[in-house]
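Below: one structure, written as structure tokens.
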Amino acid sequence: MTTSAPRNPLGVHALVWAGNTSHAEVERAVERTVAHGFDLLELSLHDLDGLDIAHARARLDQAGIEVVCSRGLAFSADVSSEDLAVVARGAELLHRSLVATSQLGGGVFTGALYSALGKYGHPLSAAGRANAVGVIRELAKEARGLGVTLGLEICNRYETNVVNTAREALMLADDIGEDNVMIHLDTYHMNIEEDDFVRPVLDVGDRLGYVHIGENHRGYLGQGHLDLTGFFHALGTVGYAGPVTFESFSSTVVAAGLSQDLAIWRDLWNDGDDLAAHAHAFMANHLAVNASAHV
1463 MTTSAPRNPL GVHALVWAGN TSHAEVERAV ERTVAHGFDL LELSLHDLDG LDIAHARARL
1523 DQAGIEVVCS RGLAFSADVS SEDLAVVARG AELLHRSLVA TSQLGGGVFT GALYSALGKY
1583 GHPLSAAGRA NAVGVIRELA KEARGLGVTL GLEICNRYET NVVNTAREAL MLADDIGEDN
1643 VMIHLDTYHM NIEEDDFVRP VLDVGDRLGY VHIGENHRGY LGQGHLDLTG FFHALGTVGY
1703 AGPVTFESFS STVVAAGLSQ DLAIWRDLWN DGDDLAAHAH AFMANHLAVN ASAHV
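Everything in the sequence shown is counted per my numbering, starting at 1463 for the first residue and increasing by one.
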């Protein structure tokens, strides 16, 4: 008797549906996530003060879907800064975001937790890197007590100067030295920084804990030039069984300020339902093919 391989949870970023954290927008994000058959909703905590955590938790529990939380930091709260007051603000914001993740019922808190999310005008300093390592190490210890795993999302050079490649992320995780810190790959960023879409997956191996799927232009999957077939095959090769989450942004949904922060200068879509239905089918098909190939 043969058994099928376990299915990766399929996720979608809330910004495909919801432009803010109002009750109505959170409810819409949860409802549309369920309607399109996703298992997981990723909530960005960029507007943590505006998020009604109890309300969101109730809607998530009622819908029976998982939640993953993510965020980046502002330059005024950059834990890779040499200014210890700035580092302290970042550490406090990460602490609050971790607590919110736990209160929402999430087991993963990920993103560019190690720096500001934006273009730097200088290389990372040794002192700044040491500050980031220290903050994330303490955050990981706190996270362990809450049953939360931290993710180091690898972002491109225009969004951080700390971690741009899988190998850099592995070195940072090694220096942090906590076993509840995992690596988070994102195909959009990999397209800019990595040599290919296979070797980084193999390098990370069983330390891979979360995946973002996004096209080179943040539009419909398969309509860009990314080697997503090779990427999914590599996931199968390392036996990755974790979440695969679709991420895409359009100013049709995302509020003006955040759209500017994300550099959404042109929209590749204006219908989140059509986009999400296509993404779900695309990811499910590639995972099914590779599951069969690696049985």
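Virtual Cβ for every residue (Gly too), placed ideally from N, Cα, C.
If you compare the alpha carbons of Leu1664, Asp1511, Asn1678, Leu1575 with that of Phe1694, the shortest gap goes to Leu1664.
Residues Val1488, Glu1489, Val1492 of the same chain have their beta carbon placed closer than 7 angstroms to that of Arg1521, with the five preceding and five following residues left out of the count. Taking a contact to require three or more Cβ pairs closer than 8 angstroms, the region 1646-1658 and the region 1670-1689 qualify as touching. In this structure, the alpha-carbon of Gly1573 lies about 18 angstroms from that of Asp1511.
Between Ala1589 and Glu1544, the beta carbon gap of about 5 angstroms places them in contact (Cβ cut-off 8 angstroms).
Beta-bridge partners of Ile1616 (DSSP): none assigned. The Cβ atoms of Glu1656 and Ala1628 sit closer than 9 angstroms to each other. The three-state reading of DSSP puts Asp1733 in coil, since its state is none of H, G, I, E or B. Arg1661 and Leu1690 have their C-alpha atoms roughly 13 angstroms apart. Listed in chain order, the non-local C-beta contacts of Met1652 below 7 angstroms within the same chain comprise Phe1659, Pro1662, local neighbours out to five positions each way being set aside. Inter-residue distance for Leu1724 and Asn1678 is about 14 angstroms (C-alpha atoms, whole angstroms). For the pair Arg1469 and Ala1525, the Cα-to-Cα distance works out to about 20 angstroms. In the structure shown, Thr1649 falls within a helical segment according to DSSP collapsed to helix, strand and coil. In this structure Arg1680 is buried. Its beta-carbon is surrounded by 16 or more other beta-carbon atoms within 10 angstroms. Between Cys1531 and Leu1579, the gap from beta carbon to beta carbon reaches 9 angstroms or more.
Under the criterion of beta carbons closer than 8 angstroms, Ala1605 and Asn1642 qualify as touching, at roughly 6 angstroms. CA-to-CA, the gap between Ser1564 and Leu1749 works out to about 29 angstroms.
Excluding sequence positions up to five before and after Val1549, its CB lies within less than 7 angstroms of the CB of Val1541, Ser1543, Asn1593, Val1597, all in the same chain and listed in chain order. Taking all protein chains shown into account, Asn1623 has 16 or more neighbouring C-beta atoms within 10 Å of its C-beta and is therefore buried. In the same chain as Phe1711, and ignoring 5 residues on each side of it, the C-beta atoms closer than 7 angstroms to its own belong to Leu1477, Arg1680, Leu1724, Ile1726, in chain order. Our two residues, Ser1484 and Ser1559, have alpha carbons roughly 18 angstroms apart in a direct line.
Taken in chain order, the unbroken stretches of alpha helix (DSSP H) that lie wholly in the region 1481-1540 and span 4 residues or more are 1485-1497, 1515-1525.
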